[in-house]
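>
Numbering (UniProt numbering), first residue to last: 1 to 390.
Here's what the structure looks like:
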C-alpha cells in the first residue's frame, strides 16, 4: 500500500506508519497528519489518492470505529499498531475482505463468477451436490428381491419347470441317438476289421450308449409327468389359431426314481390284478395303491397297457364302481392317468399295435355303461370328438 503512493522516502518512521496503516484497517487523517510532522513527508488527501477517496477520515460508513481508530473504536494508531504487533492478527480477516474493493485487482477466475453464484442461489434449493462421481446406473426390469443382505437367494424348494415341446424334441433326439450310435459302432468295426485294423478305439461308443441309457429314463419320466399334468388344455378351439403351451411347474418329488426294470415289474403286477374272474370283486384298495406310485412312470405304464387290454380294464372298473365309493372314484382317475401315460409312449415304450382302435370301439359300444366307462378311462382325441356323427 505504501509503494502505490509514489512519494514515500526512506525514513525510519515510514515503516512504523506503514505497519500501522496495514494493521489499523482505516486511514485517520488526524493521526496521519501528526505522523507526517515527525516523519517528514506530506499526506494530501486531495492529491487524487485512491486511499483518500476510499477511506475518508470523516466518513462513518466504513468501520465501527467512527473514523478515530481502525477496528474496535481504538483512540490512536499507535495503540492499534501495538495491539497488532503483540497479537500478530490480521484485521482484514475479521472485517471480512479487502480494505479497498475499488483498488483490488480484477478477479481472473472465471470458473465460479458472482453471476453463476447468483443464478444458483435463485434455484429451488433441491439441486444435487456435485461430488464429481458418476451417478449409479438405474437397473430396469429387475424382479424384486426380498432376500436380506448377506443371505443367499434360495429357489423354490423341489420345484421344476418343464417345457413340453422342448422336452419332447430332446427325448426323441436321445432315442434316435441311442439307436444310431449302436449301428454306427457296428458299421465302423466292420470296416476296420475288413482291412485288418485295430477296432479297440470303437469302444468309446459304448460310453456314449451307457450315458444315453442312464439319462433317458429321467427325461422320459419328466416329460410324462408334464404331459399328464397339462391334460387337454392345449387343444384348439379353432384349428386355424396357434396354441401356445406354457411350461409346466410341478413338484420334482413326483418324478419316479425306480430303476426301469423295477417299474416294468410293478406295471405287470398291477395289470394282473385287473384280470380277476367276473365272480370276484376287484381289490380296489390294492389297485389304487399300485396306480398311485406308477401313474406318471412311462416304464410302469408301458407294461400296464401291454398286459391289460382295454376291454379288461373297462369291465373291471365297471364292476368296481358299482358301489360308488371314494376309492372307486379315485380308481377311475388313476386308471385313466396311467392309460394316458402308456398311450403317449414312444420308441421302446410305445403302446401295443391297435391300442387306440380298441379304445375307440369301446367308446362307441352299444352298451351304454361300457361306452360311458370307456370314455372316462380313455377320452376321445380332439379330432375324433369334433368329427360329425352319422
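Quick reminder that beta carbons are idealized off the backbone N, C-alpha and C, glycines included.
Candidates 281, 303 and 280: which alpha carbon is nearest residue 291's?
Comparing Cα-Cα distances from residue 291 to each of 281, 303 and 280, the minimum goes to 303.
> Within a Cβ cutoff of 7 Å, which residues of the same chain sit near residue 257, ignoring the five residues on either side of it in sequence?
Closer than 7 Å at Cβ, skipping near neighbours: no residue.
> For a test of the three-state rule: what should DSSP assign to residue 160, helix, strand or coil?
In the structure shown, residue 160 sits in a strand (DSSP, three-state: E or B).
> What are the start and end residues of the alpha helix (DSSP H) that includes residue 312?
Taken as a continuous stretch (DSSP letters only), the alpha helix (DSSP H) holding residue 312 covers 310-320.
> Determine contact between the segment 222-230 and the segment 165-172, defined as no fewer than three beta-carbon pairs at a distance below 8 Å.
Judged by Cβ distances under 8 Å, the segment 222-230 makes contact with the segment 165-172, as three or more pairs qualify.
> Quick check: the Cα distance between residue 159 and residue 248, rounded to an integer number of angstroms?
Roughly 10 Å separates the two Cα atoms.
> Inspect the beta-carbon positions of residue 305 and residue 321 and report whether they are closer than 8 Å.
Contact flag unset, no.
> Between 178, 266 and 362, which lies nearest to residue 315 when the distance is taken from Cα to Cα?
Closest by alpha carbon: 362.
> Compare the C-alpha of residue 206 against each of 220, 183 and 287 and name the closest.
Closest by alpha carbon: 183.
> For the segment 352-362 and the segment 172-187, state whether three or more C-beta atom pairs, one from each stretch, are separated by less than 8 Å.
Short answer: they don't touch.
> Compute the Euclidean distance between the alpha carbons of residue 372 and residue 204, then round it to the nearest angstrom.
Roughly 54 Å separates the two Cα atoms.
> Tell me which residues share the same chain as residue 327 and place their Cβ nearer than 8 Å to its Cβ, disregarding the 5 neighbours each side in the sequence.
These residues qualify, in order along the chain: 284, 285 and 288.
> Taking buried to mean at least 16 other C-beta atoms within 10 Å of its own C-beta, is residue 296 buried or exposed?
Counting Cβ neighbours within 10 Å, residue 296 comes out buried, since at least 16 surround it.
> Rounded to whole angstroms, how far is the Cβ of residue 222 from the Cβ of residue 281, which I believe are closer than 8 Å?
The Cβ separation is near 37 Å, so there is no contact.
> So what does DSSP say about residue 251, is it helix, strand or coil?
Strand at residue 251.
> Could you compute how far the alpha carbon of residue 275 sits from the alpha carbon of residue 336?
Distance between the alpha carbons of residue 275 and residue 336 is about 17 Å.
> Around the Cβ of residue 194, are there at least 16 other Cβ atoms within 10 angstroms (buried) or fewer (exposed)?
Classification of residue 194: exposed, given that the 10 Å Cβ count is below 16.
> Residue 360: which of 346, 347 and 375 sits nearest, CA to CA?
The shortest Cα separation from residue 360 among 346, 347 and 375 belongs to 375.
> If you draw a straight line from the C-alpha of residue 230 to the C-alpha of residue 213, how long is it?
Between residue 230 and residue 213, the C-alpha separation is close to 27 Å.
> How about residue 347 and residue 175: are their beta carbons less than 8 Å apart?
Contact: yes.
> Would residue 178 and residue 209 be called neighbours here (beta carbons separated by less than 8 Å)?
Their beta carbons are under 8 Å apart, which means residue 178 touches residue 209 by this criterion.
> Helix, strand or coil for residue 220? Go by DSSP, reduced to three states.
Helix.
> Give the single residue among 211, 312, 270 and 246 whose Cα lies nearest to the Cα of residue 301.
Among 211, 312, 270 and 246, the Cα nearest to that of residue 301 belongs to 270.
> So, using beta-carbon positions, are residue 298 and residue 189 closer together than 8 Å?
Going by C-beta atoms, residue 298 is not nearer than 8 Å to residue 189.
> When we look at the beta-carbon of residue 173 and count the other beta-carbons within 10 Å, is it buried (16 or more) or exposed?
Flag for residue 173 reads exposed.
> Considering only their Cβ atoms, is the gap separating residue 309 from residue 358 smaller than 8 Å?
In contact: residue 358 and residue 309 (Cβ atoms closer than 8 Å).
> Suppose the cutoff is 6 Å on Cβ atoms and the five residues either side in sequence are ignored; what does the same chain contact list for residue 163 look like?
Excluding residues within five positions, the ones whose Cβ falls inside 6 Å are 247.
> What residue does the alpha helix (DSSP H) around residue 332 start on, and which one ends it?
Segment 326-343, the alpha helix (DSSP H) holding residue 332.
> Going by beta carbon distance, what residues of the same chain come within less than 7 Å of residue 380, once the five residues before and after it are set aside?
363, listed in sequence order.
> Taking only the alpha-carbon atoms, compute the straight-line gap between residue 293 and residue 366 and give it to the nearest angstrom.
The alpha-carbon atoms of residue 293 and residue 366 are separated by roughly 34 Å.
> To the nearest angstrom, report how far apart residue 244 and residue 187 are at their CA atoms.
The alpha-carbon atoms of residue 244 and residue 187 are separated by roughly 42 Å.
> For the alpha helix (DSSP H) containing residue 293, name the first residue and the last one.
Its alpha helix (DSSP H) spans residues 284-294.
> So, residue 260 versus residue 217, is the Cβ gap smaller than 8 Å?
Against a cut-off of 8 Å, the Cβ pair of residue 217 and residue 260 comes out as a contact.
> For residue 377, does the count of other Cβ atoms within 10 angstroms reach 16, so buried, or fall short, so exposed?
The residue is buried, with at least 16 neighbouring Cβ atoms inside 10 Å.
> Considering only C-alpha positions, which residue in the set 341, 369, 157 and 370 is nearest to residue 250?
Checking every option, the nearest Cα to that of residue 250 belongs to 157.
> Starting from residue 263, trace the alpha helix (DSSP H) both ways and give me its first and last residue.
260-274 is the extent of the alpha helix (DSSP H) around residue 263.
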